[in-house]
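Student: In our numbering, the protein residues as written are 23 to 259.
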Amino acid sequence: MNRKRIHRLGRQEGLKVPQKQRKKRRLGHSANGVLRRRPEHPNHVWCYDFLKDQTTDGRSLKLLPIEDEYTRECLALDVARSLTAQDVIRTLARLFAERGAPRFIRSDNGPEFIARALRDWLPRSGVQTLYIAPGAPWENAYSESFNSRLRDELLNRELFSSVLEAKVITEDYRHEYNQRRPHSALGYQTPAAFAGQCRPLGVLLPNPRLQSPTAEHQGKRPGQDRKRGPTLIATGT
Numbered sequence: 023m024n025r026k027r028i029h030r031l032g033r034q035e036g037l038k039v040p041q042k043q044r045k046k047r048r049l050g051h052s053a054n055g056v057l058r059r060r061p062e063h064p065n066h067v068w069c070y071d072f073l074k075d076q077t078t079d080g081r082s083l084k085l086l087p088i089e090d091e092y093t094r095e096c097l098a099l100d101v102a103r104s105l106t107a108q109d110v111i112r113t114l115a116r117l118f119a120e121r122g123a124p125r126f127i128r129s130d131n132g133p134e135f136i137a138r139a140l141r142d143w144l145p146r147s148g149v150q151t152l153y154i155a156p157g158a159p160w161e162n163a164y165s166e167s168f169n170s171r172l173r174d175e176l177l178n179r180e181l182f183s184s185v186l187e188a189k190v191i192t193e194d195y196r197h198e199y200n201q202r203r204p205h206s207a208l209g210y211q212t213p214a215a216f217a218g219q220c221r222p223l224g225v226l227l228p229n230p231r232l233q234s235p236t237a238e239h240q241g242k243r244p245g246q247d248r249k250r251g252p253t254l255i256a257t258g259t
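1) Would you call the CB atoms of phenylalanine 168 and proline 87 closer than 8 Å?
2) For the beta strand (DSSP E) containing alanine 102, name the first residue and the last one.
3) Whole angstroms is fine: what's the gap from asparagine 178's alpha carbon to threonine 78's?
4) For alanine 237, which of helix, strand or coil comes out of DSSP?
5) Of all the beta strand (DSSP E) runs that stay within the bounds of the region 137 to 183, which reach a length of 3 or more residues?
6) How should proline 133 be labelled, buried or exposed, when 16 other C-beta atoms within 10 angstroms of its C-beta is the threshold for buried?
7) Which partner residues of proline 87 appear in the DSSP bridge assignment?
8) With arginine 128 as the anchor, note down where its beta strand (DSSP E) starts and where it stops.
9) Distance, Cα to Cα, valine 110 vs histidine 66?
10) Report the CB separation of leucine 85 from leucine 97 in whole angstroms; it is logged as a contact under 8 Å.
11) Please state the DSSP three-state secondary structure of tyrosine 92.
12) Per the DSSP calculation, leucine 73 is bridged to which residue(s)?
13) Contact check, asparagine 54 vs tyrosine 164 under 8 Å by CB: the rounded distance?
14) Which same chain residues end up closer than 6 Å to phenylalanine 182 when comparing Cβ atoms and leaving out the 5 residues on each side of it in sequence?
15) Quick one: what does DSSP say valine 67 is sitting in, helix, strand or coil?
16) Could you check what DSSP says for histidine 51 in three-state terms: helix, strand or coil?
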């Protein structure tokens, strides 16, 4: 009875010895959550996450919404059968060329977001990553909030017969969300209207629902003098 015979008999009986697996080290931690790293101006922090749906034939769809956390604008809403780290890079590269790169981008520890290709490309573009703690989706609250509205208002109400149809309908929803849908966290302005106020003169602080950690520690809002009230802080010409 030699080693080859044992191996052959084991294969015939369907036996398999489990291989030793290495434990994975996650990249995220709570210091990268929305409570400790709040957006302070447009293009300061972006966030993204994946959603899943399907077409009427049962085949899967994958969606990638990207949002500016300060203005609440949905910057992109990609739809495809599958989306890889290279697809994420292509979408981000297009947005960086159109709008400039953010300082930070927040996400969970999904395999596409922690892929080596994306982790190498983002620092070269001048963007730092904020990976939230594993199993703590509330630390990526802006993305989760948008995804919940997208699920309730679109994905649960529409049947997609093809990828093309899904792309057209989701892009219509993105335009509606940015241009026509009032947002309570922005004082019932639309994200596009609020962003338009911020860009020409600088950054209007505070955002109705946002405060910087420094200002909270000092007991007052950013850009607010205790006697004079809110002021406009310009960040550039």
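Positions of the beta carbon are idealized from the N, C-alpha and C atoms, including for glycine.
Tutor: Per the coordinate set shown:
1) yes
2) Residues 96 to 102.
3) 13 Å
4) Residue placement at alanine 237 is flagged as unreliable, the pLDDT there being 39, under the threshold of 50; the coordinate-derived value follows with that caveat. DSSP places alanine 237 within a helical segment (H, G or I) once states are collapsed to three.
5) 150 to 153
6) exposed
7) Leu99
8) 126 to 129
9) 19 Å
10) A Cβ-Cβ separation of about 14 Å leaves leucine 85 out of contact with leucine 97 under the 8 Å criterion.
11) coil
12) Answer is Leu85, bridged to leucine 73.
13) Not confirmed; about 13 Å, so no contact.
14) Thr77, Ala188
15) strand
16) coil
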